[in-house]
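Enquirer: Following this message is one structure expressed as structure tokens.
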Amino acid sequence: MFTKAVLRCTLVTALFFVACKQQPKTTEKPPETKALLTDWPVFEPQPLDSTIEAQIDSLLPQLTLEQKVGQIIQADSESVTPEEVKQYRLGSVLSGGNSAPGDKAYADAKTWLQMADQYYNASMDTDGVEVAIPIIWGIDAVHGHGNLEGAIILPHNIGLGATHNPELIQQLASITAHELTVSGHDWTFAPTLAVPQDVRWGRSYEGFSEEPDLANRYADKIVLGLQGTKGDADFMGAGRVISCAKHFLADGATENGVDQGDAKIDESELLNVHAAGYYSAIPAGVQTVMASFSSYNGRKLHGDYELLTEVLKGKLGFNGFVVGDWNGHGQVPDCTNEDCPNAFNAGVDMFMAPDSWKGLYESTLKHVKAGTITMERLDDAVRRILRVKLASGIFDKGAPSTRKFAGDERQLALPEHRALARQAVRESMVLLKNNDNILPLDASKTILVVGDGAEHIIKAAGGWSLSWQGEGHTNEEFPNGESILEGIKEAVAEKGGKLIFSPEADASLTADVVIAIYGEDPYAEFQGDRKHLDFVPNAFDTAKLSAYKEKGIPVVSVFLSGRPMWTNPELNLSDAFVAAWLPGSEGGGVSDLLFKRDATYDFTGKLSFSWPATAVAPQTKDVLFKLGYGLNYSSKETVEVLPENSGLENLEVASTGVFFDKGQPTAPWRLQLQSADLEKQVASFPTSIGGLLVGKTDHMAQEDALKLEWTSTERIQAQLIATTPADMARESNGAMELAFYARTFDQETATVQIGVCSAAGLCNQQLEIGISGQAWKEYRLSLSCFEKLGTDMTAVNTAFSISAPKGTTLGLSAIQLATDADAKPGCDGK
Numbered sequence: 020m021f022t023k024a025v026l027r028c029t030l031v032t033a034l035f036f037v038a039c040k041q042q043p044k045t046t047e048k049p050p051e052t053k054a055l056l057t058d059w060p061v062f063e064p065q066p067l068d069s070t071i072e073a074q075i076d077s078l079l080p081q082l083t084l085e086q087k088v089g090q091i092i093q094a095d096s097e098s099v100t101p102e103e104v105k106q107y108r109l110g111s112v113l114s115g116g117n118s119a120p121g122d123k124a125y126a127d128a129k130t131w132l133q134m135a136d137q138y139y140n141a142s143m144d145t146d147g148v149e150v151a152i153p154i155i156w157g158i159d160a161v162h163g164h165g166n167l168e169g170a171i172i173l174p175h176n177i178g179l180g181a182t183h184n185p186e187l188i189q190q191l192a193s194i195t196a197h198e199l200t201v202s203g204h205d206w207t208f209a210p211t212l213a214v215p216q217d218v219r220w221g222r223s224y225e226g227f228s229e230e231p232d233l234a235n236r237y238a239d240k241i242v243l244g245l246q247g248t249k250g251d252a253d254f255m256g257a258g259r260v261i262s263c264a265k266h267f268l269a270d271g272a273t274e275n276g277v278d279q280g281d282a283k284i285d286e287s288e289l290l291n292v293h294a295a296g297y298y299s300a301i302p303a304g305v306q307t308v309m310a311s312f313s314s315y316n317g318r319k320l321h322g323d324y325e326l327l328t329e330v331l332k333g334k335l336g337f338n339g340f341v342v343g344d345w346n347g348h349g350q351v352p353d354c355t356n357e358d359c360p361n362a363f364n365a366g367v368d369m370f371m372a373p374d375s376w377k378g379l380y381e382s383t384l385k386h387v388k389a390g391t392i393t394m395e396r397l398d399d400a401v402r403r404i405l406r407v408k409l410a411s412g413i414f415d416k417g418a419p420s421t422r423k424f425a426g427d428e429r430q431l432a433l434p435e436h437r438a439l440a441r442q443a444v445r446e447s448m449v450l451l452k453n454n455d456n457i458l459p460l461d462a463s464k465t466i467l468v469v470g471d472g473a474e475h476i477i478k479a480a481g482g483w484s485l486s487w488q489g490e491g492h493t494n495e496e497f498p499n500g501e502s503i504l505e506g507i508k509e510a511v512a513e514k515g516g517k518l519i520f521s522p523e524a525d526a527s528l529t530a531d532v533v534i535a536i537y538g539e540d541p542y543a544e545f546q547g548d549r550k551h552l553d554f555v556p557n558a559f560d561t562a563k564l565s566a567y568k569e570k571g572i573p574v575v576s577v578f579l580s581g582r583p584m585w586t587n588p589e590l591n592l593s594d595a596f597v598a599a600w601l602p603g604s605e606g607g608g609v610s611d612l613l614f615k616r617d618a619t620y621d622f623t624g625k626l627s628f629s630w631p632a633t634a635v636a637p638q639t640k641d642v643l644f645k646l647g648y649g650l651n652y653s654s655k656e657t658v659e660v661l662p663e664n665s666g667l668e669n670l671e672v673a674s675t676g677v678f679f680d681k682g683q684p685t686a687p688w689r690l691q692l693q694s695a696d697l698e699k700q701v702a703s704f705p706t707s708i709g710g711l712l713v714g715k716t717d718h719m720a721q722e723d724a725l726k727l728e729w730t731s732t733e734r735i736q737a738q739l740i741a742t743t744p745a746d747m748a749r750e751s752n753g754a755m756e757l758a759f760y761a762r763t764f765d766q767e768t769a770t771v772q773i774g775v776c777s778a779a780g781l782c783n784q785q786l787e788i789g790i791s792g793q794a795w796k797e798y799r800l801s802l803s804c805f806e807k808l809g810t811d812m813t814a815v816n817t818a819f820s821i822s823a824p825k826g827t828t829l830g831l832s833a834i835q836l837a838t839d840a841d842a843k844p845g846c847d848g849k
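For the sequence shown, the working numbering begins at 20 and goes up steadily by one.
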């Protein structure tokens, strides 16, 4: 277990079995940058392979300047062609969460493999160069190969943390690597080594625990499972892929759990808590490390020389390469997505520039020629990239389609692999309540199953499953998966019992026991950030469970979530309560424990995150169930009736004045498409109504904005509406403004109508403004303008509406109320 105290060199040796040496003097830095390097442990650098270094020495002089710059650029497959890979000699291609070939966010193995061959063959074409360097193709396989049809979706890391089983984690990583080779991928952006300190963070489920010990104990196991053991015959062999430890550093420490936010912590916590996973991943031979989007005390990590170069590459001895995150370099001061020498000079060796790669290539080339980036620094980055490529065997493996397992869909979801994934589900489940030892259940009885989580695999899989956000997928899209309901049916049929399924919980039904399966809907990254931890029932009304309690029917709740949440009302309505996290595509693992389908089965999962007693605080305060808590069948603990005051009663948590942020409406507002005679609530993307098409596009981050295209002359609006009207009279009188960002796609200027309304249907209180240019710009309209048009500002039910003429295509993001900086009403958007 790590402590908050400073980790001294001798302690590092004891904990991580690596050699320590006396810390060298640091180079003097300007006062504004010298802030670290006081107590960091110093690791011996991983030994370099002399044969590989000699190959690099031979290759580097043969590369043109343009080739070297190309090697440090990574483009997304949605934005780059094989011909461009050849022309610019790019070092890597990635496929983002929604960037599969074809018209879906995922693809089958043969489709993936065809694209893999095209990129590889383009990179190996020697036309115009002395030597060609093979490309490496990366993807976020963070809990199995989530973008591959037929692959196993493993439990998310938060569940794996509850298993406390490092050996199993290594086996699961090997499954992911094996299935990645079937689709022709070389590299996965895993493991995530975050140590989340505030589970309101939308990426909390990517962390194993709030304590650093598990990150340290798991990190090397995942690296070994993905890559193999350095020096062994199978290292980076058939069924192995390059791993990537992420996100360096302290992505789990941001203030208020805000994604891409600021970790306002001291150096002791930085090195003792948030660096813990890297202390085992680097000695295990992790080949790449991804820089964090976030900041450390106001310093953007993509531009932090001390952490990336002096700490990671110096003190921690990392000799692979550092890759950026999705346009993360563009957030560094004095940078844009297409121009950022600061990040490269700070230590980012390969830019992840999904859609900005071409402009970034051109600007980086100019910076090298001008001396802003030195040849020494460029050669260092290229050497690191070549080192990883040579170590991975990519120069000798041939085209992806020629490699072992390539394109063989029979290699997906192998029975022994599914058995391991099912074991992981069993070991990850934590039994929080089992009053009167209701579990295990008798499968020969009449079992009533309720809740929307029972039949939908995607709800159990969560984000990064088939698509980035994991929204709206059907069970047919998981051909090798099993829902929780299917597992229960199998168990009940085996014992001759009777199963009744009522997803909405018909109160008239009766049974010997009710199993309720419900929880969070899928999300990923910043779209999962929350203001509080109160579980708000969504597709299933948990209050309906009270009807069964009143009849004396025991209730077992299976809670699906990417974080611990305040669920006191649900706990009170349940005789047994299981935290199942996000178990993935092997839903049968849940029924294994509910019914004890094998005599050896029992609950072994223990909380790796403490469970909150209120909805307002991070897990380190007001704890209901402590870290390490978890019952089993024989436990005698009784959970008494819990208080149901969430702590939100006196907080204005939802009153943020934000209507649309990070790619989604902010509750209670929801997105609706409205015409004269039709309306449509938007549940997933892309979608349409009549002549209005709505999808997602990028503004400040991946898919954080709407893309709207009007294709007919019919008047159709996109609206942000609420069932209960909001009183905005104070904001209108106080000179507040409706602010949003917009851009055009195909026009220099587009004329649009913006509205704020107090009546249902089409919004008629609209202002006409011009959206100019294909660059994102902020537009502002005083609320008083809409009041003058006739809007009742005491009862606003449409916070924002937009319509445009046929042929208009717009981007739209960050819709919110803002203070009028000019203190004068503006009705023209400027």
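Don't be surprised by glycine CBs; every beta carbon is placed ideally from N, CA and C.
Could you check whether D415 and G850 sit closer than 9 Å to each other, using their CB atoms as the reference points?
Expert: There is no way to answer for residue 850, as the model of the chain reaches only from 20 to 849.
Enquirer: Check whether the Cβ atoms of A303 and K249 lie closer than 9 Å to each other.
Expert: Against a cut-off of 9 Å, the Cβ pair of K249 and A303 comes out as a contact.
Enquirer: Can you tell me whether L439 is helix, strand or coil according to DSSP?
Expert: Note: L439 maps to helix in three-state DSSP.
Enquirer: In the DSSP assignment, what residue or residues form a beta bridge with G830?
Expert: G830 is bridged to K726, R762.
Enquirer: Beta-carbon separation of I261 and Q306 under 9 Å?
Expert: Yes, Cβ-Cβ distance for I261 and Q306 is below 9 Å.
Enquirer: Just to confirm the assignment: which complete alpha helix (DSSP H) runs, minimum length 4, are found wholly within the stretch 460 to 506?
Expert: Counting whole runs of 4 or more residues, the stretch 460 to 506 contains the alpha helix (DSSP H) stretches 476 to 480.
Enquirer: May I have the straight-line CA-CA distance separating S832 from H197, to the nearest angstrom?
Expert: The straight-line gap from Cα to Cα measures roughly 39 Å.
Enquirer: In chain order, which continuous runs of the beta strand (DSSP E) of length 3 or greater are located wholly inside the stretch 641 to 728?
Expert: Listed in chain order, the complete beta strand (DSSP E) runs (minimum 3 residues) inside the stretch 641 to 728 are 642 to 644, 677 to 680, 689 to 693, 698 to 700, 706 to 708, 711 to 716.
Enquirer: Thinking just about the alpha-carbon of each residue, which of D399, K332, A432 is nearest to the one in I172?
Expert: For the residues D399, K332, A432, the minimum Cα distance to I172 belongs to A432.
Enquirer: Using beta-carbon positions only, say whether A282 and H266 come within less than 9 Å of one another.
Expert: Taking 9 Å as the Cβ cut-off, A282 and H266 do not qualify as a contacting pair.
Enquirer: Buried or exposed, going by whether 16 or more other CB atoms sit within 10 Å of the CB of P60?
Expert: Classification for P60: buried.
Enquirer: Kindly say whether V99, judged by its beta-carbon, lies nearer than 9 Å to any beta-carbon of chain C.
Expert: No chain C appears in this structure, which consists of one protein chain only.
Enquirer: Pull up the DSSP beta-bridge partners for K517, would you.
Expert: Note: K517 sits in a beta bridge opposite T465.
Enquirer: Measure from the alpha carbon of K464 to the alpha carbon of each residue in V218, F622, V532, L409, then state which is nearest.
Expert: When only C-alpha atoms are compared, the closest one is V532.
Enquirer: At what residues does the beta strand (DSSP E) containing L579 begin and finish?
Expert: 574 to 579 is the extent of the beta strand (DSSP E) around L579.
Enquirer: For a quick check, are the C-beta atoms of W131 and A119 less than 9 Å apart?
Expert: Yes, the Cβ-Cβ distance between W131 and A119 is below 9 Å.
Enquirer: Run through the stretch 282 to 320 for me and flag every whole alpha helix (DSSP H) of 4 or more residues, listed as ranges in chain order.
Expert: Runs of the alpha helix (DSSP H) inside the stretch 282 to 320: 297 to 300.
Enquirer: Select from F614, P637, K645, A535 the residue whose C-alpha is nearest the C-alpha of G594.
Expert: Looking at the sequence shown, residue 594 is not Gly but Asp. Nearest of F614, P637, K645, A535 to D594, Cα basis: A535.
Enquirer: What's the C-alpha gap between L836 and V677?
Expert: If you take the alpha carbons of L836 and V677, they lie about 6 Å apart.
Enquirer: Using a Cβ-Cβ cut-off of 6 Å (strictly less than) and excluding sequence neighbours within five positions of F36, which residues of its own chain qualify?
Expert: Legend: pLDDT at F36 = 32, less than 50; position of this residue unreliable, value from coordinates given subsequently. Here the set comprises nothing.
Enquirer: Quick one: give me the first and last residue of the beta strand (DSSP E) that I821 is part of.
Expert: It spans 815 to 822 - the beta strand (DSSP E) in which I821 sits, taken as one unbroken run.
Enquirer: By alpha-carbon positions, which one of L113, Y537, Q90, A779 ends up nearest to Q693?
Expert: Nearest C-alpha to Q693: A779.
Enquirer: Please classify Q86: does DSSP put it in a helix, a strand, or coil?
Expert: Helix, per DSSP.
Enquirer: My understanding is that S486 touches G116, with C-beta atoms under 8 Å, so please give their C-beta distance in whole angstroms.
Expert: Their Cβ separation, rounded to whole angstroms, is 6 Å, which keeps S486 and G116 in contact under 8 Å.
Enquirer: Identify, in the order they occur along the chain, each residue of the same chain with its Cβ nearer than 7 Å to the Cβ of D353, setting aside the five sequence neighbours on each side.
Expert: Only N361 meet the Cβ criterion.
Enquirer: So does V407 have its beta carbon nearer than 8 Å to some heavy atom of the ligand PLP?
Expert: The ligand PLP is not part of this structure, which contains no ligands at all.
Enquirer: Please report the Cβ distance between D358 and I91, rounded to the nearest whole angstrom; I am assuming they are in contact, meaning their Cβ atoms lie under 8 Å.
Expert: At roughly 14 Å, the Cβ-Cβ gap does not stay under 8 Å, so D358 and I91 are not in contact.
Enquirer: In the DSSP assignment, find the unbroken beta strand (DSSP E) run with V112 in it and report its ends.
Expert: V112 -> beta strand (DSSP E) spans 111 to 114.
Enquirer: By the 10 Å Cβ neighbour count, where 16 or more other Cβ atoms means buried, how is V99 classified, buried or exposed?
Expert: That one is buried.
Enquirer: What do you reckon, are the CB atoms on L585 and G666 nearer than 9 Å?
Expert: Looking at the sequence itself, residue 585 is Trp, so the reference to Leu does not match. In this structure, G666 lies closer than 9 Å to W585 by Cβ.
Enquirer: With a CB to CB cut of under 7 Å and the five nearest residues on each side skipped, what residues in its chain are close to I296?
Expert: The question names Ile, but residue 296 in the sequence shown is Gly. Answer for G296: L212, A234, N235, A238, A264, listed in chain order.
Enquirer: On the criterion of 16 or more Cβ atoms from any shown chain inside 10 Å, does E539 qualify as buried, or is it exposed?
Expert: By the neighbour-count rule (16 or more Cβ atoms within 10 Å), E539 is buried.
Enquirer: With burial defined as no fewer than 16 other Cβ atoms inside 10 Å of the residue's Cβ, what is the status of Q785: buried or exposed?
Expert: Buried, since its Cβ has 16 or more Cβ neighbours within 10 Å.
Enquirer: How big is the Cα-Cα spacing for F363 and T383?
Expert: If you take the alpha carbons of F363 and T383, they lie about 9 Å apart.
Enquirer: Look at the Cβ atom of F596, then the Cβ atom of D278, and state whether they are nearer than 9 Å.
Expert: Result no, Cβ atoms of F596 and D278 do not sit closer than 9 Å.
Enquirer: Let me know the secondary structure DSSP gives E756 once reduced to three states.
Expert: If DSSP states are grouped into helix, strand and coil, E756 belongs with the strands.
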